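Peer 1: Protein chains in written order, with my numbering: chain L, 1 to 115; chain H, 116 to 230.
Note that CB positions come from ideal geometry on N, CA and C, so glycine has one too.
Just so it is clear, the structure is predicted and the values come from calculations on it, not from any experiment.
Just dropping this structure here.
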DNA sequence: ACTACTACATAGTATCGCTGACTACCGCGA
DNA sequence: TCGCGGTAGTCAGCGATACTATGTAGTAGT
């Protein structure tokens, strides 16, 4: 993936996954598929699993093992109260950042960088 | 600063500074002040200087030493062609990411996470 | 038996921003 | 005269993150 996107995902990818879990509980493999549907095509499986381990250890999700029809049992993650709180903070932080950056972008467009 | 914001700035702070330099050339100390004006109050000076070293090493800026009336000489950075190219890519990446995340946010709001 | 898909896990790497300290120059007021 | 505050830049060490690459297994279809 591009260096730019890789760095920009830091901090946001966690929020993105929390947001996906907020829509409905899901397991790792499913989340990677969901990410592809949402347009994040280039995010590797390993990345998602590592992140799920982290958010589980932080206690942001509840986990349930569910036998799968195909392959090994699934670890289904669902957002708990702490996770929803964290997601809220993610949106707050994101909104702040997005607002500032949009503002910067407008500054450049109006003041005209390249004539 | 908050962990969340710290992580989210990764990758974007560089773009933000390139954007500021696109408005007009500036030196380090001035940039930290500009950041404060733009709403990024909590960004440490050391962070800005370190970032400037990086973008200089990547050849995204031209540097000119200008004597200051107060204190040591200033290093005035101005965006060069490579820097503008990088800034363009920043905007592209940012737009992509912002669009996906906004879309995710809308999904949650319309489908209703909490009844 | 072989292949493909599903499903999860982990070790190692690179990058990034933060903290905290330090050097150095200037002008002003006590 | 001395110290203080503002200006200006530098650096080492740290923690967190996402990526790459690889490995482990179970099931289904041929």
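Please list, in chain order, all residues of the same chain as residue 52 of chain L whose beta carbon is under 7 Å from its beta carbon, the five residues on each side excluded.
Peer 2: What you label residue 52 of chain L is simply residue 52 of the first chain in a count that begins at 1. These residues qualify, in order along the chain: 28 and 77.
Peer 1: Can you tell me the Cα-Cα spacing of residue 141 of chain H and residue 75 of chain L, whole angstroms?
Peer 2: As a position in the second chain, residue 141 of chain H is number 26, starting the count at 1. As a position in the first chain, residue 75 of chain L is number 75, starting the count at 1. For residue 141 of chain H and residue 75 of chain L, the distance between alpha carbons rounds to 51 Å.
Peer 1: Can you give the Cα-Cα distance for residue 224 of chain H and residue 82 of chain L, rounded to whole angstroms?
Peer 2: Counting from 1 along the second chain, the entry for residue 224 of chain H is found at position 109. Counting from 1 along the first chain, the entry for residue 82 of chain L is found at position 82. Distance between the alpha carbons of residue 224 of chain H and residue 82 of chain L is about 19 Å.
Peer 1: With a threshold of 8 Å, are at least 3 pairs of Cβ atoms found where one atom belongs to the segment 65-75 of chain L and the other to the segment 170-186 of chain H?
Peer 2: No, the segment 65-75 of chain L is not in contact with the segment 170-186 of chain H.
Peer 1: Taking its Cβ as the centre, do 16 or more other Cβ atoms sit within 10 Å of residue 116 of chain H, making it buried, or is it exposed?
Peer 2: Indexing the second chain from 1 puts residue 116 of chain H at position 1. Looking at its Cβ environment, which holds fewer than 16 other Cβ atoms inside 10 Å, residue 116 of chain H is exposed.
Peer 1: Specify, as a first and last residue, the run of the alpha helix (DSSP H) that residue 151 of chain H falls within.
Peer 2: Taking the first residue of the second chain as position 1, residue 151 of chain H is located at position 36. 143-152 is the span of the alpha helix (DSSP H), which, as asked, contains residue 151 of chain H.
Peer 1: Beta carbon of residue 39 of chain L, beta carbon of residue 90 of chain L: below 7 Å?
Peer 2: What you label residue 39 of chain L is simply residue 39 of the first chain in a count that begins at 1. What you label residue 90 of chain L is simply residue 90 of the first chain in a count that begins at 1. Cβ atoms of residue 39 of chain L and residue 90 of chain L: not closer than 7 Å.
Peer 1: So residue 125 of chain H contacts chain L; which residues on that side make the cut at Cβ distance below 7 Å?
Peer 2: Indexing the second chain from 1 puts residue 125 of chain H at position 10. Within chain L, the residues near residue 125 of chain H are 7, 10 and 11.
Peer 1: Counting only runs of 3+ residues fully inside the segment 189-220 of chain H, write out the beta strand (DSSP E) ranges in chain order.
Peer 2: Taking 3 residues as the minimum length, the beta strand (DSSP E) runs contained wholly in the segment 189-220 of chain H are 189-194, in order along the chain.
Peer 1: With DSSP as the reference, label residue 173 of chain H as helix, strand or coil.
Peer 2: Start at 1 with the first residue of the second chain, and residue 173 of chain H comes out as number 58. Residue 173 of chain H falls in the coil class under three-state DSSP.
Peer 1: Could you spell out where the alpha helix (DSSP H) holding residue 117 of chain L opens and where it closes?
Peer 2: Since the first and last residues shown for chain L are 1 and 115, residue 117 of chain L lies out of range.
Peer 1: Less than 8 Å between C-beta atoms, sequence neighbours within five positions excluded: which residues of the same chain meet that for residue 164 of chain H?
Peer 2: Taking the first residue of the second chain as 1, we reach residue 164 of chain H at position 49. So the list reads 143, once near-sequence residues are dropped.
Peer 1: Report yes or no: is there a C-beta of chain H within less than 7 Å of the C-beta of residue 19 of chain L?
Peer 2: Along the first chain, read from residue 1 onward, the residue named residue 19 of chain L stands at position 19. Yes, residue 19 of chain L counts as interfacial toward chain H.
Peer 1: Ignore the nearest five residues each way along the sequence and tell me which others in residue 161 of chain H's own chain have a CB closer than 8 Å to its CB.
Peer 2: On the second chain, residue 161 of chain H is found 46 positions in, with the first residue counted as 1. So no residue of the chain qualifies.
Peer 1: Sorry if obvious, but does the Cβ on residue 17 of chain L come closer than 6 Å to a heavy atom of the ligand ATP?
Peer 2: The model on display carries no ligand, and the ligand ATP is accordingly not part of it.
Peer 1: Do you know how far the Cα of residue 64 of chain L is from the Cα of residue 200 of chain H?
Peer 2: The residue labelled residue 200 of chain H in the question sits at position 85 within the second chain. The residue labelled residue 64 of chain L in the question sits at position 64 within the first chain. Roughly 47 Å separates the two Cα atoms.
Peer 1: Quick one: residues in its chain with C-beta nearer than 6 Å to the C-beta of residue 35 of chain L, no 5 flanking neighbours on either side, listed in chain order?
Peer 2: On the first chain, position 35 is the one that residue 35 of chain L refers to. The residues are 43.
Peer 1: Please state if the CB of residue 119 of chain H and the CB of residue 12 of chain L are separated by a distance shorter than 7 Å.
Peer 2: For the purposes of this step, residue 12 of chain L is identified with residue 12 of the first chain, where counting begins at 1. For the purposes of this step, residue 119 of chain H is identified with residue 4 of the second chain, where counting begins at 1. Taking 7 Å as the Cβ cut-off, residue 12 of chain L and residue 119 of chain H do not qualify as a contacting pair.
Peer 1: Would you tell me roughly how many angstroms separate the C-alpha atoms of residue 17 of chain L and residue 210 of chain H, rounded to the nearest one?
Peer 2: Indexing the first chain from 1 puts residue 17 of chain L at position 17. Indexing the second chain from 1 puts residue 210 of chain H at position 95. For residue 17 of chain L and residue 210 of chain H, the distance between alpha carbons rounds to 19 Å.
Peer 1: Quickly, what does DSSP pair residue 168 of chain H with across the bridge? List them, please.
Peer 2: Residue mapping note: residue 168 of chain H aligns to position 53 of the second chain, counting from 1. According to DSSP, which records beta bridges pairwise, residue 168 of chain H is partnered with nothing at all.
Peer 1: Quick check: the Cα distance between residue 202 of chain H and residue 98 of chain L, rounded to an integer number of angstroms?
Peer 2: The residue labelled residue 202 of chain H in the question sits at position 87 within the second chain. The residue labelled residue 98 of chain L in the question sits at position 98 within the first chain. Going from the Cα of residue 202 of chain H to the Cα of residue 98 of chain L covers about 16 Å.
Peer 1: Starting from residue 5 of chain L, follow the alpha helix (DSSP H) in both directions and report where the run begins and ends.
Peer 2: Taking the first chain and counting its residues from 1, the one referred to as residue 5 of chain L is at position 5. Looking at the DSSP string, the run of the alpha helix (DSSP H) that includes residue 5 of chain L is 3-9.
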